[in-house]
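Visitor: Protein chains in written order, with our numbering: chain A, 1 to 571; chain B, 572 to 801.
For every residue, glycine included, the Cβ atom is placed at its ideal position computed from N, Cα and C.
Only a predicted model underlies this, so the values are computations on that prediction, with no experimental measurement involved.
Pasting a structure below so you can have a look.
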Amino acid sequence: MKELKLIIKTTLKNLDYRAQLIIIGIAVGIFSGFASVGLNFGLKKVSNFFIKFHGNFYFILFPAMGILITVLFLKYVIRDFEGHGVPEVIHSVSMKGGFLKKRSSVSKLIGSLLTISSGGSAGPEAPVIISGAAIGSNIAKYLKTNDKIRIAAAGSGAAGAIAAIFNAPIAGVIFTMEVILGEWSTLNMLPVAISSVTATIISRMLSGNQIPFKHHLINVNINDIFAAAGLSVFLAIFALFFVRTLKWIKLFFEKSIKSIIFRAILGGGLVGVIIIFFPVVKGEGYEVVRTLISGEFSSTILIIFVLIVMKVLATSFTLGSGGAGGVFAPCLVIGSLSGYFYFQLLSAIFPQVQFSGSTLFALSGMAGILSGMLQAPLTGIFLIVEITGGYDVILPLLLVSFLTLTITKLIEKHSIYQYDLAEKGLLLRPRTDARILSDINAEELLEEDLITVDSEMLLKDLIPLIKESHRNYFVVEDKETGKFLGMVNFNDIKSYIFSSDLINSIIVEEVMETDFPQISIRDNVVNILNKFDQSRAWSLPVVEDDKFLGLISKSTILDHYRKELKAQTES
Amino acid sequence: MKKELNLSVKEVASLLQIPVVKVQRWVYQGQIPCKFKGNTYYFKEKDILKWAKSHGMIISKRVKAEKNVVSEDGYTLKKGIENGGVFFDLKGDDIYSVIKNAIEKINFPEKLDKSLILNELISREEIASTGIGKGVAIPHTRRELSLKYKHFMAPVFFLKNRVDFNSIDNQPVFVLFFMFSPSAKVHLKLLSRLSYLLRGKVFLDNLKNCSNKEELIFLIEKNEKGFKSD
């Protein structure tokens, strides 16, 4: 039995990497399929159980309890507290070679079940995404694959999640490429597509091949196209409002409340207050989207506006106070509400103009908000096409998505998933300059064949060494302690070495340079290049604990950069 | 409100420290923001600074700093001697005593500890003689201390009796050029200038016969003009 296990393990590890990717894709797809259906099922069951408490005043306490239990569970039981999912996956695939913790495959699933079912406003997509990604990553780790394959494996988890939750395989693939991996390559496509297909099959087997939101044939006329352009302005405003509020409330909670327990209670309490007055904004909100698309929703402009603000606040409180979940579903709710709001506004201002109805605007609104918030225009477009099963809305969708993206990007440079990483300098997209530079480290660049001299040596005695040296620099160290003091640049002493009177009385320390930044062996090349830019030097010393380790020259960096670029370019 | 500044291609090139042709290529490729006026283009300073910042480029701070460095050309030997003073008939018959007597006569503008400076000067002599031959010595302190001087001075002392300084050419020393410089760069600049002057035989003869301050300063000024810094 043990031998059989070993044979299987060895065979799997030695498989062609394409075969490995297919296996990983299938495994991740199956897991993502079950995870999404399971989470949805759980959410429905638990929410139904809670529904009998609706209308009771103590319902106000539920979100606080839910978020508190979530926080305690994630922090102390499973110890996987930080982050909501998608940014962690992006960080992992862009900088950590696709490694993810094993426990991430379940922690956020359970966390989001607790948060969302108790009334917290958050989406279940991010938890499924990180779970799938963690499974893919850990299968790849088990197979001891290289970074490239592990990254593709982690990415396939995201595809499976979106595909299974929305029964939308194309949107899954596109979301992964646009948001998670940031590049299209044949290697990435394989597991991502397979996971997407597998997850969709699983999801259809378990809950039937139904489109989540029923399609109604919409006749798009020219008025709607014009109106769509105006919609994008509103969507950009709402998207920016959402992004800024999320950021601000999260920051506020982190800065002003040190205890995560109080944070959860306060945030959850506020969510409770909001949902007791506006129950529409609770949970993941798919039901609201459904009624909006089907045209069953009816309300006044003012109330819709208030609902949008409340949804933004409830989501920000939920996520800012430590609740588990993502922003994908809230984006859909805010998008459809914004579209509806715009439609009502339009009908009120131009009562005589014919528009095709609120459904079109709700759908365009969803695509637009996704495009603006996640900076993923194609994901939005394909998701709407797939979840409504209709292609007739494609023109306004295209228009709204790209206009909203452009307007939002004027003010907000990074997507909601990326700004945190970008601010910390942790966002590196594949095959960018920074990505390639970050792979090179100081140790690889070190030139060690320098001649060391002591600080009290006469210039006269240095001259014979110039013949022996391959470099323009001499390293000056303290005679007794070996401490690094500075460097003598050949260019600086050129003018003295031919004057026989001076070389006998100038000592090395009088001609050495000390006024330059030092490089640490732990510096990455981006830091190193910054030091070169600041000092405008051609070579800088690497010094650790006052000991000279070697020299780094700009020309060497270029050399290594080109080799790295060649190695990393797909042939 | 600061008035918006328009920049030419040349100005942008010098701001970013790149060749003009690179700026032109960036304009054609659409990398860098520019405005059009008829058939020509120009740049708004605000746009360029914003663009440079968002692309992680470092701008011209160093250029400004360099302007201060350039003023090192103001560190002439003549100025140093004027700052430090000229003294004649310094007594003493070995390295230690002449330096000690000299230090007592120098007016340091900062409140520096004279005994500390003396110690430093002597310890520098112990590493290697500052006698650079032809009867001239250039006592100075070691690097760490020199960084503490804010002003630079090169006081000159003519000795009453020649003193053996262990110079390379074994000639006893008749004149001391002290060097107190605020940086190693300044020190080397002064040293190069002195070395240049001493190469002239006429200068050396005139130096030996020098009898008052004005004469010395005139002599230095006249000959220093021929020095080309590298």
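(1) CB-CB under 8 Å to residue 456 of chain A, same chain, minus the five flanking residues each way: which ones, in chain order?
(2) Under 6 Å Cβ to Cβ from residue 164 of chain A, same chain only, skipping five residues before and after it: list those, please.
(3) Measure from the alpha carbon of residue 712 of chain B to the alpha carbon of each residue in B:604, B:674, B:656, B:730, then state which is nearest.
(4) Given a threshold of 16 other Cβ atoms within 10 Å of its Cβ, counted over all protein chains shown, does residue 173 of chain A qualify as buried or as exposed?
(5) So what's residue 137 of chain A in DSSP terms, helix, strand or just coil?
(6) Mind listing the chain B neighbours of residue 534 of chain A? Cutoff is C-beta to C-beta under 7 Å, in chain order.
(7) Grab me the residues of residue 748 of chain B's own chain with a C-beta within less than 7 Å of its C-beta, minus the 5 sequence neighbours each way, in chain order.
(8) What number of angstroms, rounded off, separates the C-alpha of residue 653 of chain B from the C-alpha of residue 698 of chain B?
(9) Below 8 Å on the Cβ atoms is my contact criterion, and I expect residue 408 of chain A with residue 312 of chain A to pass it. Report the Cβ-Cβ distance as a whole number of Å.
(10) Quick check on DSSP: helix, strand or coil for residue 76 of chain A?
(11) If you measure between the beta carbons of residue 332 of chain A and residue 366 of chain A, is that distance less than 7 Å?
(12) Quick test of your reading: residue 334 of chain A and residue 238 of chain A, contact by CB under 8 Å. State the CB separation rounded to the nearest angstrom.
(13) Within a Cβ cutoff of 6 Å, which residues of the same chain sit near residue 292 of chain A, ignoring the five residues on either side of it in sequence?
(14) So, does the CB of residue 472 of chain A fall closer than 7 Å to a CB anywhere in chain B?
(15) Compute the Euclidean distance between the alpha carbons of residue 63 of chain A and residue 575 of chain B, then round it to the nearest angstrom.
(16) Inspect the beta-carbon positions of residue 572 of chain A and residue 120 of chain A and report whether they are closer than 7 Å.
(17) I need the straight-line Cα distance from residue 43 of chain A to residue 171 of chain A, nearest angstrom please.
(18) Among residues of its own chain, excluding the 5 on either side of residue 616 of chain B, which ones have a beta-carbon nearer than 8 Å to its beta-carbon?
(19) At a threshold of 6 Å, does residue 728 of chain B count as lining the ligand COA (C-beta to nearest heavy atom)?
(20) Mark residue 639 of chain B as exposed unless 16 or more other C-beta atoms lie within 10 angstroms of its C-beta, in which case mark it buried.
(21) Taking 7 Å as the CB-CB limit, is residue 623 of chain B close to chain A?
(22) Sort B:595, B:655, B:600, B:695 by Cα distance to residue 613 of chain B and report the nearest one.
(23) According to DSSP, simplified to helix, strand and coil, what is residue 57 of chain A?
(24) Comparing alpha-carbon positions, which option in B:651, B:759, B:655, B:676 lies nearest residue 661 of chain B?
(25) Which residues of chain A have a Cβ atom closer than 7 Å to the Cβ of residue 700 of chain B, listed in chain order?
(26) Check whether chain A comes within 7 Å of residue 601 of chain B, counting only Cβ atoms and requiring the distance to be less than that.
(27) Quick check on residue 622 of chain B: buried or exposed, where buried means 16 or more other Cβ atoms within 10 Å of its Cβ?
(28) What residues of chain B sit near residue 499 of chain A, judged by a beta carbon separation below 7 Å?
(29) In the DSSP assignment, find the unbroken alpha helix (DSSP H) run with residue 172 of chain A in it and report its ends.
(30) In chain A, what lies closer than 7 Å to residue 755 of chain B by C-beta?
(31) Under 7 Å, do residue 108 of chain A and residue 130 of chain A count as touching if we go by C-beta distance?
(32) What is the DSSP secondary structure of residue 591 of chain B, reduced to helix, strand or coil?
(33) Hey, residue 492 of chain A and residue 511 of chain A: beta-carbon distance below 7 Å or not?
(34) Can you tell me the Cβ-Cβ gap for residue 540 of chain A and residue 446 of chain A, rounded? I've got them flagged as a contact below 8 Å.
(35) Report back the beta-carbon spacing between residue 25 of chain A and residue 195 of chain A to the nearest angstrom; my notes put them in contact at under 8 Å.
(36) Taking only beta carbons into account, state which residues of the segment 449 to 461 of chain A come closer than 7 Å to chain B, listed in chain order.
Guide: Taking the geometry as given:
(1) Translated into the one-based positions of the first sequence, residue 456 of chain A becomes position 456. Closer than 8 Å at the Cβ level, and outside the excluded window around residue 456 of chain A, lie 479, 507, 508, 509.
(2) The residue labelled residue 164 of chain A in the question sits at position 164 within the first sequence. 32, 33, 36, 199, 203.
(3) As a position in the second sequence, residue 712 of chain B is number 141, starting the count at 1. Nearest option by C-alpha distance: B:674.
(4) Start at 1 with the first residue of the first sequence, and residue 173 of chain A comes out as number 173. So residue 173 of chain A ends up on the buried side.
(5) Within the first sequence, numbered from 1, the residue matching residue 137 of chain A stands at position 137. It is helical.
(6) Here residue 534 of chain A refers to the residue found at position 534 when the first sequence is read from its first residue. The answer, in chain order, is 629.
(7) The residue you call residue 748 of chain B lines up with position 177 of the second sequence. Answer for residue 748 of chain B: 707, 709, 725, 727, 765, listed in chain order.
(8) Position 82 of the second sequence holds residue 653 of chain B. Position 127 of the second sequence holds residue 698 of chain B. Distance between the alpha carbons of residue 653 of chain B and residue 698 of chain B: 29 Å.
(9) Looking up residue 408 of chain A in the first sequence gives position 408. Looking up residue 312 of chain A in the first sequence gives position 312. Their Cβ separation, rounded to whole angstroms, is 15 Å, which puts residue 408 of chain A and residue 312 of chain A out of contact at 8 Å.
(10) Your numbering for residue 76 of chain A matches position 76 in the first sequence. Helix, per DSSP.
(11) The residue you call residue 332 of chain A lines up with position 332 of the first sequence. The residue you call residue 366 of chain A lines up with position 366 of the first sequence. Contact: yes.
(12) Locating residue 334 of chain A in the first sequence gives position 334, where the first residue counts as 1. Locating residue 238 of chain A in the first sequence gives position 238, where the first residue counts as 1. Their Cβ separation, rounded to whole angstroms, is 6 Å, which keeps residue 334 of chain A and residue 238 of chain A in contact under 8 Å.
(13) Position 292 of the first sequence, counting from 1, holds the residue named residue 292 of chain A. 336, 340, 362, listed in sequence order.
(14) Within the first sequence, residue 472 of chain A is the residue found at index 472, counting from 1. Cβ-Cβ to chain B under 7 Å: no for residue 472 of chain A.
(15) Within the first sequence, numbered from 1, the residue matching residue 63 of chain A stands at position 63. Within the second sequence, numbered from 1, the residue matching residue 575 of chain B stands at position 4. Going by the C-alpha atoms only, they are around 53 Å apart.
(16) For chain A, the structure presents residues 1 to 571; residue 572 of chain A sits outside this window and is missing.
(17) Counting from 1 along the first sequence, the entry for residue 43 of chain A is found at position 43. Counting from 1 along the first sequence, the entry for residue 171 of chain A is found at position 171. Cα-Cα distance, rounded: 23 Å.
(18) For the purposes of this step, residue 616 of chain B is identified with residue 45 of the second sequence, where counting begins at 1. Same-chain partners within the cutoff: 575, 576, 577, 578.
(19) For the structure depicted, the ligand COA is absent and the ligand set is empty, with no information on it obtainable.
(20) For this step, residue 639 of chain B is matched to residue 68 along the second sequence. Caution applies to residue 639 of chain B, whose pLDDT of 43 falls short of 50 and renders its modelled position unreliable; the model cannot decide the point.
(21) Working through the second sequence from its first residue, we reach residue 623 of chain B at position 52. Not one chain A Cβ lies under 7 Å of residue 623 of chain B.
(22) As a working mapping, residue 613 of chain B is identified with position 42 in the second sequence. For the residues B:595, B:655, B:600, B:695, the minimum Cα distance to residue 613 of chain B belongs to B:595.
(23) Position 57 of the first sequence, counted from the first residue, corresponds to residue 57 of chain A. Helix at residue 57 of chain A.
(24) Here residue 661 of chain B corresponds to residue number 90 of the second sequence, with the count starting at 1. The shortest Cα separation from residue 661 of chain B among B:651, B:759, B:655, B:676 belongs to B:676.
(25) The residue labelled residue 700 of chain B in the question sits at position 129 within the second sequence. 505, listed in chain order.
(26) To locate residue 601 of chain B, count along the second sequence from 1; it is residue 30. For residue 601 of chain B, the answer is no, since every Cβ of chain A falls outside 7 Å of its Cβ.
(27) Within the second sequence, the letter at position 51 stands for residue 622 of chain B. Residue 622 of chain B should be labelled buried.
(28) Position 499 of the first sequence, counting from 1, holds the residue named residue 499 of chain A. Per Cβ cutoff of 7 Å: 766.
(29) As a working mapping, residue 172 of chain A is identified with position 172 in the first sequence. First-last of the alpha helix (DSSP H) with residue 172 of chain A: 169 to 175.
(30) Position 184 of the second sequence, counting from 1, holds the residue named residue 755 of chain B. What residue 755 of chain B touches in chain A: 510.
(31) Here residue 108 of chain A refers to the residue found at position 108 when the first sequence is read from its first residue. Here residue 130 of chain A refers to the residue found at position 130 when the first sequence is read from its first residue. Yes, the pair counts as a contact, with Cβ atoms nearer than the cut-off.
(32) Within the second sequence, the letter at position 20 stands for residue 591 of chain B. Residue 591 of chain B: helix per DSSP, three-state reduction.
(33) Looking up residue 492 of chain A in the first sequence gives position 492. Looking up residue 511 of chain A in the first sequence gives position 511. For residue 492 of chain A and residue 511 of chain A, yes; Cβs fall inside 7 Å.
(34) Position 540 of the first sequence, counted from the first residue, corresponds to residue 540 of chain A. Position 446 of the first sequence, counted from the first residue, corresponds to residue 446 of chain A. At roughly 11 Å, the Cβ-Cβ gap does not stay under 8 Å, so residue 540 of chain A and residue 446 of chain A are not in contact.
(35) In the first sequence, the residue the question calls residue 25 of chain A occupies position 25. In the first sequence, the residue the question calls residue 195 of chain A occupies position 195. The pair is a contact, with the Cβ atoms about 4 Å apart (cut-off 8 Å).
(36) 456, 458
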